[in-house]
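Enquirer: Input: one structure, supplied below.
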Amino acid sequence: MRSPARCWLAWRSATSIRRRLRRRSTRRWRSPLRPVSAGARLTDAAVWSRPSARRVRALRDRLRLVYGAPGAESHGHPIAELVLTVLSQSTNDRNRDVAYFRLRDRFADWQAVREAPVDEIEEAIRPGGISKVKSARIKSILLAVTDTSGHGLALDWLAQRSVPEAQDYLTSLPGVGRKTAACVLLFALGMRDVPVDTHVSRVGTRLGLFRPRAPFDEMHDEMLALTPRGAELELHMNLLRHGRRTCHARRPECGDCALARMCPSAHTFEGATRRAAGAGGR
């Protein structure tokens, strides 16, 4: 059994690493690249094809000029990352962190969380939202890991498995999907996987990285296939940052986007913005 001090280190490590990765660069950059023609817009899955490695590297390089090249060592605490990612579902980073630290303060270690009544876990993580669902899920996951891993309440052993084997095990746990599994493998264990959240899926689809209307599992497979080896963390973080800062779900700021000249969707949104502005002026 790990000591309480070791478990507290896991909590601190996971959160501090994630916070450092979220820091935004203030640098701005505009690309002089040749515009993509309007006819290149990707509106139908039938015309989609996987982008070339050269195009993906170009996108990575341009994102790097805007947001920098995020980098951090994997923190080595997969249980902490797994719980942190469950808490992040359907909430913002601030509420997730509040819930996470309340859970840390309430229980001495993960074994204590596993043995606690669900209503006590629910009360501890209430600020993170949908606490009734998340508390039951966290307890179920910790019990399942203990019962199925063959290593007690630990996931460090996944580092010795192949990525597909590790993915299969994690996604067999209750309520764990590909994104949560990818966060554990990438952030905690430094394995080759790329989480696809709503920001990455939106930006990636607009850039033509994914087939239009592709399911999330397919987007994870594509993201892993197209990401240059060693760029998993950088591409994930910078696509996420771009989605938060510029490529919003509604009214993306295409006029200020460093990727606009490479984006087959930019003309669509720029035209819609102009029409909306014209309608507002009448």
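Residue 122 in my numbering sits at position 136 of the sequence shown; the count goes up by one each step and never skips.
Here a beta-carbon is modelled for each residue, glycine too, at the ideal position from N, C-alpha and C.
Small disclaimer: the values here were computed from a predicted structure and weren't measured.
#1: By the three-class DSSP mapping on this structure, what secondary structure does R236 have?
#2: Enumerate in chain order the residues of its own chain whose CB-to-CB distance from E208 is below 6 Å, with the five nearest sequence positions on each side excluded.
#3: For the segment 36 to 46 against the segment 133 to 148, do three or more pairs of beta-carbon atoms, one drawn from each stretch, fall closer than 8 Å, so that the two count as touching?
#4: With C-beta atoms as the reference, is K283 less than 9 Å away from V162?
#5: By the three-class DSSP mapping on this structure, what secondary structure does F93 have?
#6: I'd like the span of the alpha helix (DSSP H) that includes Q153, first residue to last.
#7: Are the segment 176 to 195 and the segment 209 to 219 touching, with three or more C-beta to C-beta distances below 8 Å?
#8: Could you pull out every residue in the same chain whose Cβ sits closer than 6 Å to the Cβ of G92, ignoring the five residues on either side in sequence?
#9: Taking Cβ to Cβ, would you say L172 is nearer than 9 Å to E218?
#10: Taking all protein chains shown into account, do 16 or more other C-beta atoms lie within 10 angstroms of the C-beta of K165, making it buried, or fewer, making it exposed?
#11: On the three-state DSSP scale, how would you describe N78?
#12: For P290, count the other beta carbons within 10 Å of its own beta carbon; 16 or more makes it buried, fewer makes it exposed. Which is it?
#13: Would you kindly work out how many angstroms separate the C-alpha atoms of D95 and R36, rounded to a whole number?
#14: Assign S148 to one of two classes, buried (16 or more other C-beta atoms within 10 Å of its C-beta) or exposed (fewer than that).
Expert: The structure says:
#1: Coil at R236, not helix or strand.
#2: F196
#3: no
#4: Only positions -13 to 268 of the chain appear in the structure, and residue 283 is not among them; the question remains open.
#5: coil
#6: Taken as a continuous stretch (DSSP letters only), the alpha helix (DSSP H) holding Q153 covers V149 to T157.
#7: Enough Cβ pairs lie closer than 8 Å, so yes.
#8: One point to set straight first is that residue 92 is Arg, not Gly, in the sequence displayed. So the list reads A110, once near-sequence residues are dropped.
#9: yes
#10: When all chains shown are included, K165 counts as buried.
#11: Three-state DSSP puts N78 in coil, outside helix and strand.
#12: Since the first residue shown for the chain is -13 and the last is 268, residue 290 is missing from the structure and cannot be characterised.
#13: 45 Å
#14: exposed
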